[in-house]
Each structure stands twice: as structure tokens, then as C-alpha cells.
Amino acid sequence: MPQGRRGPCRRASSGRTCYRRGDMVLRFGCLLLVLAVSACEGGNGRDPDLNAGTHAATAGPMTGDDGVVRWRATVNGVPVRIRVARTRTQHFKGLAGVKLAADEGMFFMYGPKEARGFWMKGCVIGLDIAWLSDDLTVLKIDTLPAPGPKTTDETMPRASAPEPIKFILEMPAGWFARQSLAAGARITVPAALLRKKAE
14 MPQGRRGPCR
24 RASSGRTCYR
34 RGDMVLRFGC
44 LLLVLAVSAC
54 EGGNGRDPDL
64 NAGTHAATAG
74 PMTGDDGVVR
84 WRATVNGVPV
94 RIRVARTRTQ
104 HFKGLAGVKL
114 AADEGMFFMY
124 GPKEARGFWM
134 KGCVIGLDIA
144 WLSDDLTVLK
154 IDTLPAPGPK
164 TTDETMPRAS
174 APEPIKFILE
184 MPAGWFARQS
194 LAAGARITVP
204 AALLRKKAE
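Sequential numbering from 14 applies to the sequence shown in this note's numbering.
Here it is in C-alpha cells:
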């Protein structure tokens, strides 16, 4: 084909716009690119690593300078860092003797749903205890003070879940109120964490 001559361009009798072969290839290539990008995004705009589809949490755990492993999570979009308790030993110890940062808490994971109760023995700070449903919606929040020097086991501050549950989030006392959050708030954690089973 001589240089400068374009490929055949046939105009339909209906008068529709005529596209040359080069134009059609370019348009088809752009269409494939758009489809590929949409496929990579999963089609629903949600991050597959997050249980509730928000964009604040990351998929993996982080080890701080203190050697403690924490995960990123959100409560109605408010970012928090969570320690995780999913073994019997971790459940038993909880946050006894631990001072938390303002944005830090502990996420408890259990096996079967059961009626559960917490007390504050050994705790050095007051705590908000958020009892969570299976989809990590806050059912109830109890705020308990740290025990005093004269507190006995009988007078130890304690609280119980409103129904059988398997997920609990503890934050520093007053955290939920300071964030204007209450029952109905939604916790989002990385799906990689939820795939781990309680031991």
C-alpha cells in the first residue's frame, strides 16, 4: 500500500458515522483497558480484604517498637489500632496491667457464641467494653472504671454481654462517647484477621 493512503472506509447507506480501521482498533483497545481496570477493582468498589468494605484498615498486622502486634481497624470510619486476643491465655489476661494509647484497644475473638462477662481485675485503666454481633455491629457499650486499692473480687467492676456473642472490642474508658459513637456503630477489621480462628 502506498505511503499516505488510508485503509478502506465504507459509509453505510443509513448515513452513520464512518470509522477507519485505525480508529476502530484504537477504540477497541481503550474499551479493553477500561474493562481490565474494572475487573481489577472487583466491580463493586469494595476492598476484598475488609469485612465491611471501608478503606481505612490494612490487611496485615504490624509489630510496634514495643514488640506488640497490632492490626488496623475502624469504628464507623474512625481509625483504631487493635491488639487481638484469640487464645485462652490471651482471653484470660486481656488488658490486665496494660496502659493503652488513645486510639488503641483489644479485639476479642471466641469460637462458638456464648453468654460472656468481663471484670476489671488487674486492669490499670478504665475501659469501654463494646459487645459485638456476628457482623461486628455494636450491640451495647459498658464503661467500667479501673479497680481501686480496696476493691475486692466481690466488688470488682464487671459487665455482661446482652446476648450470646463471640466478638468484643475494648477501648479506653470514654472513647466511644468522645467519638459520639453508640450502639449500632460498625467495626471494620481486615478479612485476614477474621479468617483466623479462635483457639
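Beta carbons: idealized from backbone N, C-alpha and C, even for Gly.
(1) Please confirm whether I178 and L152 have their CB atoms less than 9 Å apart.
(2) Excluding the 5 residues flanking P158 on each side, which residues of the same chain have their C-beta closer than 8 Å to its C-beta?
(3) Rounding to the nearest angstrom, what Cα-Cα distance links V97 and F120 in this structure?
(4) On a CA-only basis, which of T102, P160, F189, I154 is nearest A174? Give me that one, please.
(5) R94 by DSSP, collapsed to three states: which one?
(6) Count the other CB atoms within 10 Å of the CB of F105; is the residue buried (16 or more) or exposed (fewer)?
(7) Could you check where the beta strand (DSSP E) with R99 kicks off and where it finishes?
(8) Relative to the C-alpha of T165, which residue among D141, A143, G135 is closest?
(9) Measuring CA to CA, which of V111, A109, D116 is closest to A86?
Looking at the coordinates:
(1) As a first step, residue 178 must be located in the sequence shown, where it is residue number 165. As a first step, residue 152 must be located in the sequence shown, where it is residue number 139. In this structure, L152 lies closer than 9 Å to I178 by Cβ.
(2) Mapped onto the sequence shown, residue 158 falls at position 145. Same-chain partners within the cutoff: M133, G139, P170, A186.
(3) Numbered from 1 along the sequence shown, position 84 holds the residue referred to as residue 97. Numbered from 1 along the sequence shown, position 107 holds the residue referred to as residue 120. Cα to Cα, V97 sits roughly 5 Å from F120.
(4) As a working note, residue 174 is residue 161 in the sequence shown. Checked all of T102, P160, F189, I154; the closest Cα to A174 is I154.
(5) Start at 1 with the first residue of the sequence shown, and residue 94 comes out as number 81. Strand, per DSSP.
(6) Taking the sequence shown and counting its residues from 1, the one referred to as residue 105 is at position 92. Exposed is the call here.
(7) The residue labelled residue 99 in the question sits at position 86 within the sequence shown. Unbroken run through R99: none, as it is neither H nor E.
(8) Looking up residue 165 in the sequence shown gives position 152. Closest option to T165, Cα to Cα, is G135.
(9) Along the sequence shown, one-based indexing puts residue 86 at 73. Ranking the options by Cα distance to A86, first place goes to D116.
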